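Residue numbers (this note's numbering): 7 to 516. For every residue, glycine included, the Cβ atom is placed at its ideal position computed from N, Cα and C. Nothing here was measured: the structure is a model prediction, and the numbers come from that model.
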């Protein structure tokens with residue numbers, strides 16, 4: 007629950023602040039209030055000097071044992087004392103209370119003159135200006151915490167503030183009652199006014215606020231002063247909101263036209279930084295002579311409704327975005343299910359159904375169709391000699407050459423391991439052989455030189471080409487014909503392209 011102060015309380019606090027400021031200024035300039043810390047330090051210094059005088063007197067009569075008896079007694083009588091010691095000019099501790107050496111060495115040097123005092127002692131036998139030693143007196147540090155803050159001056163100011171606030175309040179309450187417009191409004195009328203959910207204000211003939219309900223006051227910043235007697239344009243948050251509408255403010259239009267103004271909508275920021283969307287209406291208050299005596303202005307806060315609409319729009323946008331993300335994810339899933347992740351070529355699972363469709367279409371429509379089977383020569387030795395990481399680079403580079411050499415209508419597939427295949431719809435055996443030959447030359451020139459090895463090995467490849475006119479009855483058989491041609495390339499020296507011919511199956515068996 008937020009605490010709000012009325013006009014009388016705010017004026018009382020203002021007068022009290024001025025009075026307290028005046029007291030503090032007088033203390034700063036004239037030193038009206040004594041400084042307890044300074045007085046305590048002076049008393050301690052005087053006490054230390056008195057002890058030094060007594061010690062000097064005893065030393066003069068060579069009564070060192072008497073000094074050793076007096077010092078503990080002084081420590082017992084005064085709780086503020088920590089330790090006392092008598093030190094010679096050559097830093098020899100002659101007499102001291104327990105732990106004096108430790109307390110004196112570990113003490114805060116900034117406390118010298120406040121809680122640590124070293125009073126010099128002269129030597130009568132050596133003259134008045136000669137120094138025999140010093141008496142060291144250590145007190146407990148003066149309070150620096152909360153208790154030190156409550157000095158007599160602070161207590162006086164707090165008492166003055168408490169009493170002054172009560173006296174000022176009751177005095178101003180009786181004095182200002184005649185100047186408070188709300189005092190003339192019956193309580194039941196104000197209660198009914200406050201019961202309205204809309205923020206409502208009543209303006210007089212000079213467009214000054216006469217009444218305002220609690221809903222309007224909730225829109226005001228926390229530091230807003232008196233509401234009564236002010237114009238609506240005097241509130242910065244409202245004035246800034248009006249700057250964004252083209253028409254004149256509704257209440258001004260109401261005074262000019264003597265009729266209900268058109269609804270205006272604008273945004274305003276309250277004292278907590280929250281933006282409110284307000285729907286403003288104004289109705290004139292007319293007397294018997296049809297003269298405008300005032301105006302009632304209502305501010306209907308539709309922020310929550312507008313926010314709900316924005317959330318609905320945002321939800322629709324999120325749904326649309328989610329749909330797009332789902333489509334992207336589905337495409338990614340399709341890619342993962344149909345594409346070899348290492349090379350980017352199609353995998354066998356997705357390749358052969360598409361290849362079988364192309365084969366059936368080519369046979370039905372009597373269209374050319376070719377198939378290439380490709381393999382990296384001596385790939386096992388690459389893995390054995392250079393490791394699987396280099397072997398993977400060889401496969402990736404080989405696949406990239408295949409993909410770059412293929413047409414948009416061609417389908418490149420990783421058949422297995424280092425073996426790949428390519429379906430070429432619309433291409434005959436000769437065209438497919440030319441494609442394979444170009445790929446073979448690129449592999450020989452580029453794959454080995456792309457490896458981070460010194461010296462770089464020579465990487466070659468072998469190809470087998472088959473066409474639908476070779477007599478294949480199925481897509482699987484066409485792939486087998488290309489595989490037989492590939493075997494022929496491997497068997498006859500590798501690094502070559504071979505087109506399938508009838509009878510190669512017997513050569514492979516032989």
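Own chain partners of residue i with C-beta closer than 8 Å, once the 5 adjacent residues on each side are dropped
i, result
"residue 18", "171, 174, 175, 178"
"residue 90", "57, 77, 80, 81, 102, 103, 106, 141, 142, 143, 144"
"residue 99", "91, 92, 93, 106, 107"
"residue 489", "379, 470"
"residue 351", "345, 405, 408, 409, 418, 419, 420, 426"
"residue 200", "219, 220, 221"
"residue 291", "208, 298, 299, 300, 301, 302"
"residue 133", "Only weak support is given to the placement of residue 133: the predicted model assigns it a pLDDT of 49, under 50, and the question is left unresolved by the model."
Sequence-distant residues of its chain with Cβ nearer than 6 Å to residue i (five each side left out)
i, result
"residue 473", "376, 434, 435"
"residue 287", "269, 304"
"residue 346", "353, 420"
"residue 23", "none"
"residue 256", "267, 270, 286, 288"
"residue 275", "243, 281"
"residue 462", "454, 455"
"residue 235", "214"
Cβ pair residue i, residue j closer than 8 Å
i, j, result
"residue 147", "residue 121", "yes"
"residue 385", "residue 408", "no"
"residue 476", "residue 487", "yes"
"residue 401", "residue 348", "yes"
"residue 253", "residue 233", "no"
"residue 444", "residue 411", "yes"
"residue 138", "residue 95", "yes"
"residue 300", "residue 216", "yes"
"residue 266", "residue 289", "yes"
"residue 430", "residue 414", "no"
"residue 491", "residue 365", "no"
"residue 125", "residue 55", "yes"
"residue 298", "residue 261", "yes"
"residue 163", "residue 29", "yes"
"residue 205", "residue 312", "no"
"residue 65", "residue 88", "no"
"residue 123", "residue 44", "no"
First and last residue of the uninterrupted beta strand (DSSP E) at residue i
i, result
"residue 379", "375–382"
"residue 216", "215–218"
"residue 306", "298–307"
"residue 405", "From DSSP, residue 405 is part of no beta strand (DSSP E) but of the alpha helix (DSSP H) over 394–411."
"residue 89", "87–94"
"residue 1", "Nothing can be reported for residue 1: it is not among the residues displayed for the chain, which extend from 7 to 516."
"residue 287", "281–292"
"residue 145", "137–145"
"residue 126", "122–128"
"residue 101", "99–102"
"residue 272", "270–275"
"residue 505", "503–505"
Contacting residues, own chain, Cβ-Cβ under 7 Å from residue i (five flanking each side not counted)
i, result
"residue 61", "73, 92, 127, 141"
"residue 15", "175"
"residue 466", "383, 449, 450, 500, 501"
"residue 432", "373, 374, 415"
"residue 507", "none"
"residue 47", "119, 120"
"residue 3", "Because the chain spans 7 through 516 in this model, residue 3 falls outside it and cannot be assessed."
"residue 329", "none"
"residue 211", "298, 299, 300"
"residue 317", "none"
Limits of the alpha helix (DSSP H) - the one that residue i falls within
i, result
"residue 42", "42–66"
"residue 74", "70–83"
"residue 261", "256–263"
Chain B within 8 Å of residue i, Cβ atoms only
i, result
"residue 477", "Going by chain labels, chain B is absent from the structure shown, which holds only one protein chain."
Residue ranges of each alpha helix (DSSP H) within the region 309–359, 4 or longer: 309–344
The region 359–375 / the region 450–470 touching (three or more Cβ pairs under 8 Å): no
Segment contact flag, the region 421–429 with the region 375–389, C-beta cutoff 8 Å, min 3 pairs: yes
The region 209–229 touching the region 271–285, judged by at least three CB pairs closer than 8 Å: yes
In chain order, each alpha helix (DSSP H) run of at least 4 residues that lies wholly inside the region 419–498: 435–452, 481–497
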